[in-house]
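*Asks:* One gets my numbering by counting positions in the sequence shown from 1 and adding 115 to each.
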Amino acid sequence: MDNRPIGVMDSGVGGLTVAKVLHERYPDEGIVFLGDSKRNPYGERSREEIGRFAGEIKEFLLSKNVKMIIIACNTISFNVPPSFTEGPVPVVKMSLDIDLPGETKKLGIFATPASIRTHAHKNYLEKKFPHVELVEVPCDGVAAAIEQGKEENFISSLVLEAAKEYHALGIDAGYWACTHYPLAPEAFRKALPGVPFIDPALPTVEKGMDILKASDALAGEKGTSHFYFTDELTHAAPLVQRLFGPVTVEKTNLLGV
Ligand code: DGL
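1. Just the C-alpha distance for Asn238 and His282, rounded to the nearest angstrom, thanks.
2. Would you decide whether Thr339 is buried or exposed? Buried here means 16 or more other CB atoms lie within 10 Å of its CB.
3. For Gly223, list the residues DSSP reports as bridge partners.
4. Thinking C-alpha only, which one of Met209, Ile191, Gly170 is nearest Gly323?
5. Got a sec: does ligand 1 put a non-hydrogen atom nearer than 7 angstroms to the Cβ of Asn189?
6. Compute the minimum distance between the beta carbon of Ser230 and the heavy atoms of ligand 1, and state whether it is under 7 angstroms.
7. What is the rounded straight-line gap between the Cα of Leu369 and the Cα of Ile172?
8. Does the contact criterion of 3 or more C-beta pairs under 8 angstroms hold for the segment 253-262 versus the segment 294-303?
9. Three or more beta-carbon pairs under 8 angstroms between the segment 340-356 and the segment 151-158, yes or no?
10. Is the segment 217-224 touching the segment 188-199 in the sense that three or more CB pairs, one from each, lie closer than 8 angstroms?
11. Between Leu176 and Val147, is the Cβ-Cβ spacing less than 8 angstroms?
12. Say the cut is 7 angstroms; is the CB of Asp255 nearer than that to a heavy atom of ligand 1?
13. Would you tell me roughly how many angstroms separate the C-alpha atoms of Ala277 and Pro253, rounded to the nearest one?
14. Does any heavy atom of ligand 1 sit closer than 7 angstroms to the C-beta of Ala233?
15. With H, G and I counted as helix, E and B as strand and the rest as coil, what does DSSP make of Met324?
16. How would you write the range of the alpha helix (DSSP H) that His295 sits in, first residue to last?
17. Given a threshold of 16 other Cβ atoms within 10 Å of its Cβ, counted over all protein chains shown, does Val372 qualify as buried or as exposed?
18. Please classify Asn189 as buried or exposed, where buried requires at least 16 neighbouring CB atoms within 10 angstroms.
Here is the structure:
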């Protein structure tokens, strides 16, 4: 048994979609969440910057004595160097191991430009589903719009524009390969009516929890959770409290101040 909290990192509020599943499935586990909202969006940054910022978040979470870190961000997961997962505690990337509705012939992979440029999702899925046509859709500005709490119609128009530009209008399923996107399901539904979207939060959480179970490191008593963001909490705090109830939400500059 290990009562230390689990660290969860993202460039902002998107990682809450993974933290929420973690909390629902494993309510005793304490969570230390860090959303780097001040430097969001990461998905429009260079690989070097993403790696450097993610390293700072990792140090912050380790200073909070976490027993594992879940990278609840596709952009970070697939842009950091392999050495990023090394260290004193397990570091878990977003799962690529999604399931598709049986009838899927054409899948749209919706992600940030920095994730799409790695082709991580496409490379993995073309091996798992060799008969499914995969269309990569880099969504400029969508994660940032969700981060800033922009209106649904605005987000929807960005999604539709990207879907048109990258020939994804005929897809029969979509993959939310950015953790911000499941926070705006209606915007995606409006842009692509009738298309089911797949959220990899659950396989990601289970991948991490399998590691803890194998080393007998689940919490033995109810832990507490803390949510930190690097920018003002105007949008983030009410969202956290809507998803998790009355928990502590604080602003940090990543140096623990
Ligand atoms: N939530 C992040 C992801 O899963 C990225 C958002 C951003 O661009 O910062 O890719």
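We treat Cβ as the ideally placed atom computed from N, Cα and C, and that holds for glycine.
*Replies:* If we stick to the structure as given:
1. One alpha carbon belongs to Asn238, the other to His282, and they sit about 19 angstroms apart.
2. exposed
3. Beta-bridge analysis with DSSP links Gly223 to Val250, Gly289.
4. Of all alpha-carbon atoms in Met209, Ile191, Gly170, the one lying nearest the alpha-carbon of Gly323 is that of Met209.
5. A distance criterion of 7 angstroms places the beta-carbon of Asn189 in contact range of ligand 1, judged by its closest non-hydrogen atom.
6. yes
7. 7 angstroms
8. yes
9. yes
10. no
11. yes
12. For ligand 1, not one heavy atom lies less than 7 angstroms from the Cβ of Asp255.
13. Taking the straight line joining both Cα atoms gives about 7 angstroms.
14. One point to set straight first is that residue 233 is Thr, not Ala, in the sequence displayed. Answer for Thr233: no, Cβ out of range of ligand 1.
15. helix
16. Where His295 is concerned, there is no enclosing alpha helix (DSSP H), given that its DSSP letter is neither H nor E.
17. The pLDDT assigned to Val372 is 45, lower than 50, so where the model puts this residue is not dependable; a value taken from the coordinates is nonetheless given after this. Classification of Val372: exposed, given that the 10 Å Cβ count is below 16.
18. Asn189 should be labelled buried.
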